[in-house]
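Peer 1:
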Amino acid sequence: MAFLDLNDVRKSFMQATAVEMFNLKVERGEFVSFLGPSGCGKTTTLRMIAGFETPTSGQIMIDNTDITFKPPNQRPVGMVFQSYALFPNMKVADNIGFGLKIAKKSKDEIASRVEEMLALIHMREFAHRYPYQLSGGQQQRVALARALAVQPQVLLLDEPLSALDAKIRVQLRQEIRAIQRKLGITTIYVTHDQEEALSLSDRIVVMSAGRIEQIGTPFEIYNFPQTPFVASFVGTLNALEAEVRDASTGRIAVDGQEIMMAQPLSGAVTGQKITVALRPESISLNGDASGANHLQGQVEAITFLGSIVRIQVRLERHLFFFDSFNNPHLSLPQIGQMVTVRFPHEACLWLSAPQSEPAGD
Amino acid sequence: MTEANLAHGGRTTLTVNRGRRFSWVWLGVAPFFLFAIAFLILPSAYLVVGSVQDADQNFTLQNFGDVFQPVIVNSYWLSIQISVVTAVAGGVLGFFLAYAAVLGGLPKFVRTGLMTFSGVASNFAGVPLAFAFIATLGRTGFVTALLRTLFGLEIYDAGFNLYSFLGLSLTYMYFQFPLMVLIIAPALDGLKRDWREASENLGATSWEYWRYIALPILLPSLLGTMILLFGNAFGAYATAFALTGGTFNLATILIGRQIRGEVLQNPGLGYAVALGMVIIMGLSIFVYSWLQRRTERWLR
Amino acid sequence: MCVVPAIVLVFGMLRIYSRPPLALTESDTGTDFLLIAGYVTLSLPYMYRAVDTGLRAMDVRTLTEAAQSLGAGWPTILLRVIIPNLRVALLSGAFLTFTTVIGEFTFATFLARPAFGPYMGLLGQTRAYEPAALAIISLILTWASVGLIQVVGRGAPRQGQLAGAR
Ligand SMILES: Nc1ncnc2c1ncn2[C@@H]1O[C@H](COP(=O)(O)OP(=O)(O)OP(=O)(O)O)[C@@H](O)[C@H]1O
Ligand SMILES: [Mg+2]
Chain A
54 MAFLDLNDVR KSFMQATAVE MFNLKVERGE FVSFLGPSGC GKTTTLRMIA GFETPTSGQI
114 MIDNTDITFK PPNQRPVGMV FQSYALFPNM KVADNIGFGL KIAKKSKDEI ASRVEEMLAL
174 IHMREFAHRY PYQLSGGQQQ RVALARALAV QPQVLLLDEP LSALDAKIRV QLRQEIRAIQ
234 RKLGITTIYV THDQEEALSL SDRIVVMSAG RIEQIGTPFE IYNFPQTPFV ASFVGTLNAL
294 EAEVRDASTG RIAVDGQEIM MAQPLSGAVT GQKITVALRP ESISLNGDAS GANHLQGQVE
354 AITFLGSIVR IQVRLERHLF FFDSFNNPHL SLPQIGQMVT VRFPHEACLW LSAPQSEPAG
414 D
Chain B
6 MTEANLAHGG RTTLTVNRGR RFSWVWLGVA PFFLFAIAFL ILPSAYLVVG SVQDADQNFT
66 LQNFGDVFQP VIVNSYWLSI QISVVTAVAG GVLGFFLAYA AVLGGLPKFV RTGLMTFSGV
126 ASNFAGVPLA FAFIATLGRT GFVTALLRTL FGLEIYDAGF NLYSFLGLSL TYMYFQFPLM
186 VLIIAPALDG LKRDWREASE NLGATSWEYW RYIALPILLP SLLGTMILLF GNAFGAYATA
246 FALTGGTFNL ATILIGRQIR GEVLQNPGLG YAVALGMVII MGLSIFVYSW LQRRTERWLR
Chain C
30 MCVVPAIVLV FGMLRIYSRP PLALTESDTG TDFLLIAGYV TLSLPYMYRA VDTGLRAMDV
90 RTLTEAAQSL GAGWPTILLR VIIPNLRVAL LSGAFLTFTT VIGEFTFATF LARPAFGPYM
150 GLLGQTRAYE PAALAIISLI LTWASVGLIQ VVGRGAPRQG QLAGAR
């Protein structure tokens, strides 16, 4: 039995359904991210785990105890809010010690635990400041310490870094992960930033429109997206529509130009429309020898992104792009120029059709 | 000497520079200052000066000693009592009404209705308010008669009197609690849902949330607004005058009679009484804005 | 709410402006002027509050700089940018002042002007039923003003509606 277990959880508000058929099993100590676009139901799911929303149907278990209808103040769950939600009338130390005070712990115990937490977030010298005297990053650290001080069994973080600027975001997310590892606490982390999810998580739950699209390790999610949505939302895959020419050999056509997949398309029939994903990093320009597939198109845009240069190419209907490592001697094509790009068979992935069942775990 | 010159010279340059840059600004606010001097500062200053002069316009502090005669002390005491009672009662009532309307989960029209009513009621003061209460709760008032016919209840026999402390307090309450509603409703709006949820998440009950978080956050606003209500009642004249015909010995009524030349017979003492009011009002406004700033600092 | 209560203010004004060199109360016009000045003084705190709320809500600095960068001069900025944005604040302040002043008693009585307030006071001492009618008229006027404040303020940040008691 998994440590945290969401079983067929569904939540609807009035008419609209925010979360549907949510099945997830999280092991003890695991770090799982919910990733998805705005409004896809990440916060709603998290709030059901915390007890701020009651599922319309389904069941939530922590350590084999059904907590579906437990009030939030009786759940062994700590939450870190996007807005920090520090109590403005309390100093940092009192904020961190609040949960312990509510639990009627002794003064000494509270003091030593607060001290420990302050050390954990490297903010010893800020104990006697008010929240308004702290920067956003510091406030979020205090919020984390406050949630951890009561030693919850599950830690929930709802886009904890989205209000911070890029630099501190990267630093703090690593800090959060380090603390999580050290305490071994089961963690759910909500984000709509795919880089954050990929770099932090043991597993990622990709969501769209209230449903789970795919659950998997960052490696699986990135390299083997199972739906067009995952392919386009995670990483920077090109999702192209293709027509099956010969399922047994994996021959397909994109805008009339034929390419080969690495494997046969079992289950597909000739003439069927399928979606394939094309990795931008395995495509290269004309001159390079590698790659058995080739496509011809017109360069539409060239974007300089620092270490890489992103080139957009238009086929007849489709637009796709690929990345080239930047080097001073790079000879770039001109906009409007016709180019031929090459890529290996393996760079081309078959994505399940959109209407098929979302992949479970 | 040199240093002084230097400093002086430095300052002059500064003034000249500023003078040039800011002259239009000063010209813009000049009418306001002239007006304020003529109709706010001068009259107030006159009271200050008058209060330290005797009948022959010699300097004296005698008036401040004389302020402690029973008639004056009693009038102040009565004013303070009625202001404190109506401020606290109105404050508590207004707070719970606003709480019910803002956080009570009632339909939105309840809130709109309460706010509109409060806007009207807090501004419906003075003579017409007194008349309205006489017409409803006076000896021959509508509600008095209604209670008599419906329940056989004779409120005036039961000890109620509109022209007493209780009656005047009741009348003041009509503008006191709506004022509280108007000021505290936005403060209640300012309580973030996240605070409540964070506290629940940490194990707190609803009561503990109010005890440790909501009330401490609201406390400065609550106290501040009550102080505002205090000042509001303390400075009121027309309502009390119209209700009791000037027989009720409030500080404002006393000053009114002094203006008419009916009491005290000592102009300087009259000024001292008026000055005392200004000092009390000033103190309450000072405490109010101090508390207000405190809240703003937290909630930035 | 003003630090100086109305009764104290009129006290001071009467003493200053009823004797030379500034004997305004000698003539009716002078007294009316004094009355108006008194009312303006009373309205200053909440008028200030209303305008302050309005100014805070509109970010004057950015608006001014935007207008300047588009080549507007000071008169244009003031008349066509700032004041239109303050319309709600100014109007609600004005309606509030109207409510306060229409039945004002203290100033009008002591300056001995036959305004609506003293008229009500007089009637209250001599008649039995008319005062109730006047109270209703007054209440309707207050409702109307507050209603107008809410109508002009629709969709704008909440304006203060507090004039303080009398
Ligand atoms: N209290 C509510 N009442 C009605 N609808 C709601 C409520 N809370 C959320 N929803 C709806 O449920 C859906 C999912 O919302 P949710 O807040 O879970 O999204 P999210 O994935 O967290 O998005 P974001 O990344 O923007 O935070 C949205 O369409 C939202 O409008
Ligand atoms: Mg969300």
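In order, the protein sequences belong to chains A, B and C.
Residues in the first sequence are numbered from 54 upward in steps of one, following this note's numbering.
Residues in the second sequence are numbered from 6 upward in steps of one, following this note's numbering.
Residues in the third sequence are numbered from 30 upward in steps of one, following this note's numbering.
Virtual Cβ for every residue (Gly too), placed ideally from N, Cα, C.
As the structure is a computational prediction, the values presented were derived from the model and not from experiment.
Taking Cβ-Cβ distances shorter than 9 Å, what residues in chain B pair up with S136(A)?
Peer 2: Per Cβ cutoff of 9 Å: K197, D199.
Peer 1: Going straight from the alpha carbon of R299(B) to that of I285(B), what length do you get?
Peer 2: Straight-line Cα distance between these residues: approximately 21 Å.
Peer 1: Would you call the CB atoms of E213(B) and I155(A) closer than 7 Å?
Peer 2: Contact: yes.
Peer 1: Taking the alpha carbon of G273(B) as the point to measure from, which residue in T210(B), V57(B), D162(B) has its own alpha carbon closest?
Peer 2: The candidate whose alpha carbon is nearest that of G273(B) is V57(B).
Peer 1: Cβ of G131(B) within 7 Å of Cβ of F134(C)?
Peer 2: Contact flag set, yes.
Peer 1: Among E296(A), E106(A), A330(A), P333(A), whose alpha-carbon lies nearest the alpha-carbon of V322(A)?
Peer 2: When each option's Cα is compared against that of V322(A), the closest is E296(A).
Peer 1: Is L404(A) helix, strand or coil when you go by DSSP?
Peer 2: Strand.
Peer 1: Quick check: the region 312-331 of chain A against the region 395-404 of chain A, are at least 3 beta-carbon pairs closer than 8 Å?
Peer 2: Touching, per the Cβ criterion.
Peer 1: Closest to T70(C) by CA distance: which of F37(B), Y51(B), V54(B), A50(B) is it?
Peer 2: The shortest Cα separation from T70(C) among F37(B), Y51(B), V54(B), A50(B) belongs to F37(B).
Peer 1: Identify, in the order they occur along the chain, each residue of the same chain with its Cβ nearer than 6 Å to the Cβ of I336(A), setting aside the five sequence neighbours on each side.
Peer 2: Answer for I336(A): F375, V394, F396, listed in chain order.
Peer 1: What does a CB cutoff of less than 6 Å around F40(C) pick up in its chain, not counting 5 residues either side in sequence?
Peer 2: Cβ within range, chain order: n/a, list empty.
Peer 1: Just the Cα atoms here: how many angstroms apart are A412(A) and I265(A)?
Peer 2: Interpretation of A412(A) is limited by its pLDDT of 39, a score under 50 that renders its predicted location unreliable; the figure taken from the coordinates is listed afterwards. Whole-angstrom Cα-Cα distance: 8 Å.
Peer 1: Identify, in the order they occur along the chain, each residue of the same chain with its Cβ nearer than 6 Å to the Cβ of R222(A), setting aside the five sequence neighbours on each side.
Peer 2: These residues qualify, in order along the chain: L214.
Peer 1: If we ignore side chains and look at the alpha-carbon of each, how far apart do R302(B) and L139(A) end up?
Peer 2: Cα to Cα, R302(B) sits roughly 14 Å from L139(A).
Peer 1: Can you tell me which of P221(B), F246(B), P48(B), F114(B) puts its alpha carbon nearest to the alpha carbon of I139(B)?
Peer 2: Looking at the Cα atoms, F246(B) is the closest of the given residues.
Peer 1: For T96(A), tell me which candidate among E73(A), V243(A), H382(A), L225(A) has the shortest Cα-Cα distance.
Peer 2: It is V243(A) whose Cα lies nearest to the Cα of T96(A).
Peer 1: Should L201(A) and R230(A) be called a contact, given that it needs their Cβ atoms to be closer than 7 Å?
Peer 2: Cβ distance not < 7 Å, so L201(A) and R230(A) don't count as in contact.
Peer 1: Anything in the region 209-235 of chain B with a Cβ closer than 8 Å to a Cβ of chain A? List those residues in chain order, please.
Peer 2: Listed by position along the chain: A209, T210, E213, Y217, I218, P221, I222.
Peer 1: I believe L234(B) touches Y179(B) by the beta-carbon criterion, under 8 Å. Please report the beta-carbon distance rounded to the nearest angstrom.
Peer 2: Not really, about 12 Å apart at Cβ, beyond 8 Å.
Peer 1: Out of I361(A), M391(A), D58(A), state which residue places its alpha-carbon closest to the alpha-carbon of P381(A).
Peer 2: Here the closest residue by C-alpha is I361(A).
Peer 1: Determine the chain A residues that contact F193(B) at a beta-carbon separation under 7 Å, and present them in chain order.
Peer 2: A small fix is needed here, since residue 193(B) is Leu in this sequence, not Phe. Simply none; closest approach about 15 Å.
Peer 1: May I have a chain-ordered list of the beta strand (DSSP E) segments no shorter than 3 residues that lie completely inside the region 175-255 of chain A?
Peer 2: The qualifying runs are 207-211, 239-244.
Peer 1: Could you work out which residue in K113(B), Q62(B), D194(B), N237(B) is closest to L288(B) when comparing CA atoms only?
Peer 2: Among K113(B), Q62(B), D194(B), N237(B), the Cα nearest to that of L288(B) is on N237(B).
Peer 1: Rounding to the nearest angstrom, what Cα-Cα distance links V117(C) and F124(C) in this structure?
Peer 2: Going by the C-alpha atoms only, they are around 10 Å apart.
Peer 1: Using three-state DSSP, classify L119(C) as helix, strand or coil.
Peer 2: Helix at L119(C).
Peer 1: Kindly provide the ranges of any beta strand (DSSP E) runs that are 3 or more residues long and lie completely inside the region 67-135 of chain A, ordered along the chain.
Peer 2: Listed in chain order, the complete beta strand (DSSP E) runs (minimum 3 residues) inside the region 67-135 of chain A are 69-79, 84-88, 110-115, 130-133.
Peer 1: In chain order, what are the residue ranges of uninterrupted alpha helix (DSSP H) at least 4 long that sit wholly in the region 270-328 of chain A?
Peer 2: Whole alpha helix (DSSP H) segments, 4+ residues: 271-276, 281-286.
Peer 1: Between F44(B) and chain C, is the shortest Cβ-Cβ distance under 7 Å, so that the two count as touching?
Peer 2: Closer than 7 Å: yes.
Peer 1: For a contact defined as C-beta to C-beta under 9 Å, what are the partners of R48(C) on chain B?
Peer 2: Those within 9 Å of R48(C) in chain B number zero; the least Cβ separation is about 11 Å.
Peer 1: Looking at the strands, I want to know which residues DSSP matches up with H347(A).
Peer 2: The partner list for H347(A) (beta bridge, DSSP) reads R395(A).
Peer 1: Which class does S174(C) belong to by DSSP, given the choice of helix, strand or coil?
Peer 2: The answer is helix: DSSP assigns S174(C) an H, G or I state.
Peer 1: Does the CB of A161(C) have a neighbour CB from chain B at under 7 Å?
Peer 2: Judged by the 7 Å Cβ criterion, A161(C) is in contact with chain B.
Peer 1: Return the chain-ordered list of same chain residues with a C-beta closer than 6 Å to the C-beta of Q181(B), the five sequence neighbours on each side being excluded.
Peer 2: Taken in chain order, the residues that qualify are T91, G95, L234.
Peer 1: I'd like the list of long-range same chain contacts for L43(C), defined as Cβ closer than 8 Å, with 5 residues on each side in sequence excluded.
Peer 2: Excluding residues within five positions, the ones whose Cβ falls inside 8 Å are T54, F139, L140.
Peer 1: Go ahead and label R226(A) buried or exposed: buried means 16 or more other beta carbons lie within 10 angstroms of its beta carbon, across all protein chains shown.
Peer 2: Classification for R226(A): buried.
Peer 1: Take A292(A) and list the residues in its own chain whose beta-carbon comes closer than 6 Å to its own, dropping the five residues that flank it on each side.
Peer 2: Excluding sequence neighbours, A292(A) sits near P281, A284, S285, T328, A330.
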